[in-house]
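Every letter in the sequence shown is one number past the one before it in full-length UniProt numbering, and letter 100, counting from 1, is 100. The beta-carbon is built from N, C-alpha and C at its ideal position, and this holds for glycine as well. First the structure, in the form of structure tokens, and then the observations on it.
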Amino acid sequence: MTQGRRCLVVVSVISGRNFVDKPEAIVIAEAKLDRELLATDPVPHSSTPHFEQELAWEVDHANLRQYRLQRTSIKLQIFAINYNASPCSRNLLGYIILDVRSATERKTFKWFQVLNSKLRPCPEVYCGLYIDPCSSSSLVGSGDLNATPLEVERFVENFGNQLVDGFEIGGTDSPKECFLISMVLVSIPQLANLLPPEVSPSSTFKLTLRFLSNDLFIWEFKEEDCTKLGDDQYKFFIRSTVDAIRACFLRVNIIEITLFVDEKPIGHCQGNLSLIGDQITPTTRYPLSMDVTFTLISPQVGNVNSPVILRFNVNNHDVQRHINGSHSQVKAGPKTNGGGSPAQALNMDTTLVQMQTNQRSASETLPSQQPITSRTTAPQIPTNYMNESVQLRRFCYTIELKSIRACCEPSPSKETYVYAKYVYPLFGTTNPIMTLPPVQFSANEEKYFFQGYCAFELAADFSEFKSRLLEEPLNVEILGRCSDGSNGLESSLGWAVIPLGEIFPEPVIEMSNSQRRFMTGVADVKLNGKPMAQIKYSLILDDFGVYNSSTTAEITSLNQIEGLNIDGLKEVPDSTPKLPTDIRQTSEYRAALELELWKAKEEERFKNNLKLREQKMLMVFAEEWKRRETERESLCKKKMQEYQMLEDKLRAALEALMERERQLTLKEAALNAAERDLERNLEIREKDLLNDVQRKIRDAEQAISSEQQRNFHLNNELAVLREKCKGLEERLIEHHLKATTTSTTGVTADTKVGLDQAKRDEEEIRRLQFELVRLTTELTNAQSQISTMERRLDGALRGRARYKDLWTRALQEVTRLRQEAANATKQELQRREAEVEGLRREQCLLLRAGDTRAFLHHDIPARQNPADPQSLGEAASGNQEEVPLPSSVAPQKVNNPALDAQLRRLRDERECLLTSGVYYEDDVLIVDLDKEIKRLQTLISNAV
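Given below as structure tokens:
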């Protein structure tokens, strides 16, 4: 890769806003591209930090294209550093994402919001990303360009009978070249963005231009003329070496533009002319035209801007003066006798010259470099162009890209649209040829390009033309675009190589004025050696024979400019025959006149024959139309009568169906009322059963509580008696002791009294023992009664649980019966609706077919003759009798096995309750079960 193929990816950081004031801290910006980290110089941490610095990475065009294909982005991080803190703190304020794919050679700046920032409102940074196409040789010492002062001298020179200002840069040591630069104000597209509210429609605008700190020109215009300002232009000279001019145009703020409205500034911008400086080289062809866009920024509001477009025309003044002098010498020579347009012939010659002077292969010129500016150059004619031994031939080479088809299925998540793009400088053009609008990229079918046809006309030597086409094939690039909008990003899907020289072995087809070669082929689109798609193309080469140039004098003058030693110009003899004085006397004129008269007569005869034939056909058509119209009317009347009969029958059938539907509705209402009555009876019975159970439970609880109280009193009495018995026993023991003591001392006079007292005590003890035995017996009886009551209470509780179980089962049975009744009703309604729908469909079929016999012989009663209302009534009553009613609502239904099952279940429940010992024959629950069993037995006996 040569140094001239390299460029710079530049991130220009200008300023910020909405930051926080921190006098003790500084702010820096860091960015990384391809593992190379760059940072700006630190600036004070204020609310509006001013960076005004650029971060640049030097890359070649291949890497830049790879970055774009890989969708590489540059992450610009903003850091706040506080060196006074201990330790030094480095805080991330946020970051900005810049997409490399959006970078162009045009410098565009805008406000970017800082992402992932904790500050509110969110800070913003005014920056831009662009591509600097300068080579590395011109970048040496580029950092010192702005610091080195320029030596600029002004001069005035006469040009076109007017005085033109000029600038001379540098000293007088080296030879200098003089360039004439003219500037034209093309337009200001978004002027309304800069206008203040108080501007009136009659306001006058002024656009001032300063170059190298010198006032150059002022454009004055109205608001309605801001898009058509190409009339006034300003010219000036600049004289220096090519390198000095390029370095001058690369300097920052070399040109200043200010926009005024009524002497009030509303927009200002500064910039350089790097795009023009890059194109000024020793090999550049002049004149050179280029449009440069500058961005005017409002001084009141920073984020309001408007572009301004200036057109620069650059011409080498020294060469122009040489050409003018040569033209004056050519005018003095003999005149040539040329009948064609010299401008057209010169364009054909220059096309050949571009083909001959192009020394680079197409593979070196094809990498995708999108043209940022439009330029037109005047080609240079080589000195050996008018060699007499070279015989030029006129060719027309047609290239048609027909269709494309993917080799593999593209991603299903997004629809991809593709178009072809190619450049072939050998045909004299450097503008890309594109097949827009794009077509959908699919592997299932071929997609045809919309604008795939392009023809190139040129003049060249056949052998050289053939060799150049064989050496340089056509490289076609396939670009893809996603379907998420017209602003979707593009990516390259691969390259296809079309050998243009393979058309020469094809057979020659003789045409009226040329010889044609034609071929078709298929080319593979490959990306990194992998086939992505196939494109079909066709090539046509037309050879119109020897090309006769009529611009010998002009080409000879250009050859003199290049230094050709031509001794003199040869005069071309006038060999054109003189025309007759009166053209009407020529035989060709008479033959043409007779031919025109014969043609007019034949046209008149042909028109008359057409009119007669048309009249005959119209008459035949009218008769045929009347006949068919009569047939259509009779057929329509017949069909209308049949349709009326069918409609009457259908209306009668529909009325019968509506009557049946009304009866079904009444029966459904009666069924719903019966269901409600059944539910009400069930609820009343449920309440009665609950009241009986609760009453019995309360009685049992009261009996248990009374028995418990009695048991408590008996226990208390037993305890008292036991205490008395114990006291008497102690007293008896004391009397025995006293008796023994008295026996030792002798019988005293009161011995008799003591014995009587002992007898009375023994009788008392015996009585108390009898009383204790009685109380013990009563206590035992009370305990047996308590155990009996507890057993009865347990039985009552079990009966209660059993009753709850029975009640739950009864509720489930009622729910089941209700569901069965609802299902039966629903099925009956669905059947009726199906019958109605079937009748309607069959009636529609009868109406369409026009056949009434099937309608008369249908099976169901609803299809009988509507004139017989008695048959309709019998059919309706028969259908009503066939409607089954649920067993819960119509218990009188015969042969119902549910009654037998319910009778057996009730009998089993009665026997289970009686065997439990809790319920007796006179209980309310047993009595109710007996009544229900008797009712079921009566129903079954009646049914039998």
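Neighbourhood of residue i by C-beta, 8 Å cutoff - its chain only, sequence neighbours within 5 removed
{"i": "Gln783", "result": "Asn711"}
{"i": "Gln937", "result": "Leu903"}
Backbone secondary structure at residue i - three-state DSSP
{"i": "Asp232", "result": "coil"}
{"i": "Asn18", "result": "coil"}
{"i": "Arg251", "result": "coil"}
{"i": "Lys176", "result": "coil"}
{"i": "Ile926", "result": "helix"}
{"i": "Asn337", "result": "Its pLDDT being 33, under 50, Asn337 is placed unreliably by the model, and the measurement read from it follows with that caveat. Three-state DSSP puts Asn337 in coil, outside helix and strand."}
{"i": "Ala652", "result": "helix"}
{"i": "Arg516", "result": "strand"}
{"i": "Val693", "result": "helix"}
{"i": "Ser240", "result": "strand"}
{"i": "Leu150", "result": "coil"}
{"i": "Lys107", "result": "coil"}
{"i": "Gln113", "result": "strand"}
{"i": "Phe441", "result": "coil"}
{"i": "Ala943", "result": "helix"}
{"i": "Glu446", "result": "coil"}
{"i": "Met619", "result": "helix"}
{"i": "Leu458", "result": "strand"}
{"i": "Phe167", "result": "strand"}
{"i": "Met183", "result": "strand"}
{"i": "Pro265", "result": "strand"}
{"i": "Val199", "result": "coil"}
Beta strand (DSSP E) segment containing residue i, residue limits
{"i": "Ser73", "result": "73-82"}
{"i": "Ala406", "result": "392-406"}
{"i": "Gln162", "result": "Careful: Gln162 lies outside any beta strand (DSSP E) and carries neither H nor E."}
{"i": "Lys222", "result": "Counting along the chain, Lys222 falls outside any beta strand (DSSP E), and DSSP gives it neither H nor E."}
{"i": "Tyr67", "result": "Element bounds for Tyr67: not the beta strand (DSSP E) but the alpha helix (DSSP H), 61-69."}
{"i": "Met290", "result": "288-297"}
{"i": "Glu477", "result": "474-482"}
{"i": "Gln90", "result": "Looking at the sequence shown, residue 90 is not Gln but Arg. From DSSP, the beta strand (DSSP E) with Arg90 extends over 89-99."}
{"i": "Arg285", "result": "Here Arg285 belongs to no beta strand (DSSP E), and DSSP marks it neither H nor E."}
{"i": "Thr416", "result": "416-422"}
{"i": "Ala39", "result": "36-39"}
Own chain residues within Cβ distance below 6 Å of residue i, not counting five before or after
{"i": "Phe205", "result": "Phe221, Val261"}
{"i": "Pro42", "result": "Ile26, Ile28"}
{"i": "Pro438", "result": "Tyr417, Val418, Tyr419, Arg481"}
{"i": "Gly494", "result": "Ile478, Val525, Lys526, Leu527, Met532"}
{"i": "Asn942", "result": "none"}
{"i": "Met789", "result": "Ile704, Glu707"}
{"i": "Val924", "result": "Asp692"}
{"i": "Leu856", "result": "At Leu856, the pLDDT of 44 sits below 50, so the modelled position is not reliable; the number obtained from the coordinates is stated separately. No residues qualify anywhere along the chain."}
{"i": "Phe544", "result": "Arg394, Ser514"}
Bridge partner(s) assigned by DSSP for residue i
{"i": "Arg207", "result": "Reading off the sequence, residue 207 comes out as Leu, not Arg. Answer is Trp219, Leu259."}
{"i": "Gly271", "result": "Ile255"}
{"i": "residue 946", "result": "The question about residue 946 has no answer, for the chain in this structure spans 1 to 944."}
{"i": "Cys7", "result": "Val59"}
{"i": "Trp495", "result": "Glu477, Lys526"}
Continuous alpha helix (DSSP H) stretch holding residue i: start and end
{"i": "Gln902", "result": "897-915"}
{"i": "Glu464", "result": "462-471"}
Residues of its chain near residue i, where Cβ-Cβ distance is below 7 Å and the 5 sequence neighbours each way are ignored
{"i": "Asn358", "result": "Legend: pLDDT at Asn358 = 35, less than 50; position of this residue unreliable, value from coordinates given subsequently. These residues qualify, in order along the chain: Pro425, Leu426."}
{"i": "Gln451", "result": "Thr435, Leu436"}
{"i": "Phe312", "result": "Ile181, Met183, Ile276, Met290, Val292"}
{"i": "Glu105", "result": "Tyr130, Ile131, Pro133, Leu275, Ile372"}
Does the count of Cβ pairs from the stretch 46-58 and the stretch 151-164 closer than 8 Å reach three? no
### Message
Does the structure place the stretch 719-737 close enough to the stretch 836-844 that three or more beta carbon pairs sit under 8 Å?
### Response
no
*asked:* With a threshold of 8 Å, are at least 3 pairs of Cβ atoms found where one atom belongs to the stretch 250-264 and the other to the stretch 195-205?
replied: yes
Review point. Quick one: any contact between the stretch 4-13 and the stretch 121-129, if contact means 3 or more CB pairs under 8 Å?
Key: yes
inquiry  = Check whether the stretch 71-85 and the stretch 96-108 touch, using three or more Cβ-Cβ pairs below 8 Å as the test.
reply    = yes
Review point. Do three or more CB pairs link the stretch 297-317 to the stretch 175-191 at distances below 8 Å?
Key: yes
Cβ pair count under 8 Å reaching 3, the stretch 185-199 against the stretch 236-256: no
### Message
Quick check: the stretch 692-711 against the stretch 763-771, are at least 3 beta-carbon pairs closer than 8 Å?
### Response
no
Is the stretch 512-523 touching the stretch 491-499 in the sense that three or more CB pairs, one from each, lie closer than 8 Å? yes
**Asked** Hey, is the stretch 796-812 in contact with the stretch 622-632, meaning 3+ C-beta pairs nearer than 8 Å?
**Response** no
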